[in-house]
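Some notes on the structure that comes next.
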Amino acid sequence: MSDLKCDVCGASPAYVCCSSLGAMSLAYCRECLHYGCEPYGISVGFFAIMGGSMEAFTDEFRWTLWATVLRAGKTAAEFWSDVESEREAFARKR
Ligand SMILES: [Zn+2]
Numbered sequence: 041m042s043d044l045k046c047d048v049c050g051a052s053p054a055y056v057c058c059s060s061l062g063a064m065s066l067a068y069c070r071e072c073l074h075y076g077c078e079p080y081g082i083s084v085g086f087f088a089i090m091g092g093s094m095e096a097f098t099d100e101f102r103w104t105l106w107a108t109v110l111r112a113g114k115t116a117a118e119f120w121s122d123v124e125s126e127r128e129a130f131a132r133k134r
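Shown next as structure tokens:
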């Protein structure tokens, strides 16, 4: 059995699959894969770079985001605050 750990929650075993966030492969446990969770930090970075609002995304992608936020034990307000902090960090680097 593989000792690969889930990139979302750290559980094992995990399986390498294509991420719904873009052209990359990550490790997911069965539960995170079932609910469509993505790693929280990568999701924050994704929204910080992409910008816009939730209305610009499909219902399926919105589900992915909220599953990710809940899995991370965060609230929507915490998520958007983290996105804003990341945007400010990106802006300082330019
Ligand atoms: Zn997991």
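FYI, the numbering for the sequence shown is 41 to 134, going by my numbering. Even glycine gets a Cβ: it sits at the ideal position worked out from N, Cα and C. As the structure is a computational prediction, the values presented were derived from the model and not from experiment.
>> Output needed for Tyr75: all residues of its chain with C-beta closer than 8 angstroms, excluding positions within five of it in sequence on either side, in chain order.
In response: Counted from its first residue, the sequence shown places residue 75 at position 35. By the criterion of a C-beta distance shorter than 8 angstroms, Tyr75 is surrounded in its chain by Ala107 and Arg111, once the five residues flanking it on both sides are discounted.
> From Ala129 to Val56, what distance separates their C-alpha atoms?
Replying inline: Against the sequence shown, residue 129 aligns to sequence position 89. Against the sequence shown, residue 56 aligns to sequence position 16. A direct Cα-to-Cα measurement between Ala129 and Val56 gives close to 30 angstroms.
> Any heavy atom of ligand 1 closer than 8 angstroms to the Cβ of Ala54?
Replying inline: Walking along the sequence shown from the start, residue 54 turns up at place 14. Ala54: yes, Cβ under 8 angstroms from ligand 1.
> Going along the chain, which unbroken runs of the alpha helix (DSSP H) with 4 or more residues stay wholly within the segment 64-106?
Replying inline: Taken in chain order, the whole alpha helix (DSSP H) runs of length 4 or more contained in the segment 64-106 are 70-75 and 80-90.
> Counting by C-beta, which residues lie closer than 5 angstroms to a heavy atom of ligand 1, in chain order?
Replying inline: Residues with their Cβ less than 5 angstroms from any non-hydrogen atom of ligand 1, running along the chain, are Cys46, Val48, Cys49, Ala51, Cys69 and Cys72.
>> I'd like to check one pair, Leu66 with Pro79: are the Cβ atoms closer than 9 angstroms?
In response: Counting from one through the sequence shown, the residue named residue 79 turns up at place 39. Counting from one through the sequence shown, the residue named residue 66 turns up at place 26. The answer is yes: Cβ separation under 9 angstroms.
> Are there 16 or more other CB atoms within 10 angstroms of the CB of Thr115, so buried, or fewer, so exposed?
Replying inline: The residue given as residue 115 occupies position 75 in the sequence shown. Classification for Thr115: exposed.
>> Below 8 angstroms on the Cβ atoms is my contact criterion, and I expect Ile82 with Leu61 to pass it. Report the Cβ-Cβ distance as a whole number of Å.
In response: To locate residue 82, count along the sequence shown from 1; it is residue 42. To locate residue 61, count along the sequence shown from 1; it is residue 21. The Cβ separation is near 6 angstroms, so the contact holds.
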